[in-house]
Every structure is written in C-alpha cells, then in structure tokens.
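Mapping of the sequence shown onto this note's numbering: residues 1487 to 1628, in sequence order. For each residue, glycine too, the CB sits at the ideal point set by N, CA and C. Bear in mind that the values here come from a model prediction, so they are computed numbers and not experimental data. What follows is a set of notes on a single structure, which appears directly below.
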Amino acid sequence: MTDINASRTLEHLKQAYTREIQANMRYQFAARLADAAARPDIAHVLRAAADEERGHALGFLDLLVEHGARAPEIVSESLAENLTASIETELHEFSALYTRYAEVAAQEDLPEIARWFLALAEAGQTHARWLQQCLDGLERKP
Ligand SMILES: [Fe+2]
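Below is the structure:
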C-alpha cells in the first residue's frame, strides 16, 4: 500500500477535512438565519446537513489515523499526543496569535473585533489549562 505520507492524497485529506468543518459551520450559521426567518423547515434541513458534515470531517480524521498520516497539527493516534498538540495550539495559535491579531484590529480601529480576539486568546489559556490537567491525569493513572 502507498505510504500516505508520500502521497498527494494526504494534502487532499487535510483540505477536505477543512472544507467539511467549514460546511458544518456555514450550515449551522444558516440555520440560525432560517430560525430568524421563522423557517423551521429550512433550519431543520440545515442542521441535519451540518451534522452529516461533522461526521464527514470525523471520517477524514479516522482515515488520517488509520493510514498512519503524520499530521499531528490535525490529529494523531494517541490521546496523549492529541492533548499535547491541542495544548500547543491553544497556547501558540489561539492565545499568542490572537493577542497579536487583537493588537492589529485595535490599531485598525476595529475595537469589537479586537475584543473578540482577546476574549478567545483568554479562552485559549483556559482550554490549555484544562487540557494540561487532562494530560497530567492521564499520565498519573496506573
Ligand atoms: Fe460532506
């Protein structure tokens, strides 16, 4: 069998995963619009589609793991590795990066957006703490 890490398919899996997640969120957002338009019939279809897209995204993660893809920034086989990579992401991407994004937004006189970035940077710190506690607990267990 082809080494997934030497394949073009690896990049396709990553891209498709991102597209499925984006579709999931777009449908959830559109469902809120349908709610606001008093169209529960449309909201119901959109939420059903969103659920399926989430399932598709998880399917791509399963395939990445099953085929031994080296993509720790997305997913890895072990719980501990997933927790470790998630802590890194929360601290460096969500917390550090969003703090910088907030500064730029403030400089560009977009204060509401700056506040949102700052709030999520703080949430990143909190999530990193939670995940670290999970990782510590995992390692303590006999
Ligand atoms: Fe899909």
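- Residue pairing of Ala1557 in beta bridges, as defined by DSSP: Val1561.
- Comparing alpha carbon positions, the residue from Thr1570, Glu1589, Arg1512, Ala1605 closest to Cys1620 is Thr1570.
- In this structure the segment 1555-1570 lies against the segment 1496-1505, because at least three pairs of beta carbons, one per stretch, are closer than 8 Å.
- In the structure shown, the three-state DSSP call for Leu1596 is coil.
- Scanning its chain for C-beta atoms nearer than 6 Å, with the 5 sequence neighbours on each side dropped, one finds around His1542 the residues Glu1506, in chain order.
- The segment 1595-1614 makes contact with the segment 1575-1582, as at least three CB pairs between them are under 8 Å.
- In the DSSP assignment, His1530 falls within the unbroken alpha helix (DSSP H) covering 1526-1552.
- At a cut-off of 7 Å, the beta-carbon of Ala1509 counts as near ligand 1: some heavy atom of the ligand is closer than that.
- In this structure the segment 1530-1544 touches the segment 1508-1515; the number of beta carbon pairs closer than 8 Å is three or more.
- The closest heavy atom of ligand 1 lies 7 Å or more from the beta carbon of Glu1625.
- Its chain contains Gly1610, His1613, Ala1614, Leu1617 as the residues whose beta carbon lies nearer than 7 Å to that of Glu1576, once the 5 sequence neighbours on both sides are disregarded; these appear in chain order.
- Excluding five sequence positions before and after Leu1624, the CB atoms of its chain that fall closer than 8 Å to its own CB belong to Leu1565, Ala1566, Leu1569, given in chain order.
- Taken from the Cβ of His1542, at least one heavy atom of ligand 1 lies inside 7 Å.
- The straight-line gap separating the alpha-carbon atoms of Val1590 and Ala1600 is approximately 8 Å.
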